[in-house]
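Note sheet for the following structure.
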Amino acid sequence: MRPARFVDFAVELVKNRTDASRVQPLAEAGVAELPFGVVVERGGREERWQFIGQLADGEKHEHPEKPVEGASTDAGGLPEGGEGEAWFAAVVASAGCGEVAGVERWSTRAGARADHRGVTVRFHNGARIFARLF
Numbered sequence: 001m002r003p004a005r006f007v008d009f010a011v012e013l014v015k016n017r018t019d020a021s022r023v024q025p026l027a028e029a030g031v032a033e034l035p036f037g038v039v040v041e042r043g044g045r046e047e048r049w050q051f052i053g054q055l056a057d058g059e060k061h062e063h064p065e066k067p068v069e070g071a072s073t074d075a076g077g078l079p080e081g082g083e084g085e086a087w088f089a090a091v092v093a094s095a096g097c098g099e100v101a102g103v104e105r106w107s108t109r110a111g112a113r114a115d116h117r118g119v120t121v122r123f124h125n126g127a128r129i130f131a132r133l134f
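Going by UniProt numbering, 77 is the number at position 77 of the sequence shown; the sequence numbering is gapless.
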């Protein structure tokens, strides 16, 4: 899944949640310097997410995207509430999207930096989205 489509995917996921009061693409929220991402409001606080994509091996931007589906991931112990990184990881993992192969929180990696929060979403076609909370 490429970043532009992931923005639409994230907006659809979050807008139907009862624990988020607002979601919109970064551009609509007035953040013009970053091309892909969303702004989410939960619990009266705003969270901004930037999305950066990595294409699957051999894929090129000028070619149409080729989604691949497989077994969908699940939240697998990811907390549904709480701070932004854990919340967003659980939202994506529990979406039941057949394209999503796995979700990894950056803060739980060995040697993780406290100020480096985000999520890597891996897709069955080999592509990845790096979702950075800023």
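Using N, Cα and C, we set each Cβ at its ideal position, and we do this for glycine too.
Beta-bridge pairing of residue i - partner residues as DSSP gives them
| i | result |
| --- | --- |
| residue 164 | Nothing in the structure corresponds to residue 164, since the chain is present only between 1 and 134. |
| Leu133 | Trp49 |
| Val100 | Phe123 |
| Gly118 | Arg132 |
| Arg105 | Val119 |
Backbone secondary structure at residue i - three-state DSSP
| i | result |
| --- | --- |
| Phe9 | helix |
| Val92 | helix |
Nearest residue (CA-CA) to residue i, options the options
| i | options | result |
| --- | --- | --- |
| Arg45 | Arg22, Pro64, Lys66 and Ala27 | Arg22 |
| Ala95 | Phe36, Asn16 and Glu28 | Asn16 |
| Asp8 | Arg42, Ala20, Phe51 and Val31 | Phe51 |
| Gly70 | Asp115, Val100 and Val14 | Val100 |
| Arg122 | Asp115, Pro67 and Ala86 | Pro67 |
| Ala93 | Thr73, Glu83 and Trp87 | Thr73 |
| Glu47 | Leu55, Val103, Pro25 and Arg105 | Pro25 |
| Val119 | Gly111, Glu104 and Ala112 | Glu104 |
| Pro64 | Arg5, Thr108, Ala20 and Phe36 | Arg5 |
| Gly98 | His124, Trp106 and Phe36 | His124 |
| Trp49 | Val11, Gly43 and Ala110 | Val11 |
Give a yes or no on contact between the stretch 58–67 and the stretch 24–31, applying the rule of three or more CB pairs nearer than 8 Å.
-> At 8 Å Cβ cutoff, the stretches do not touch.
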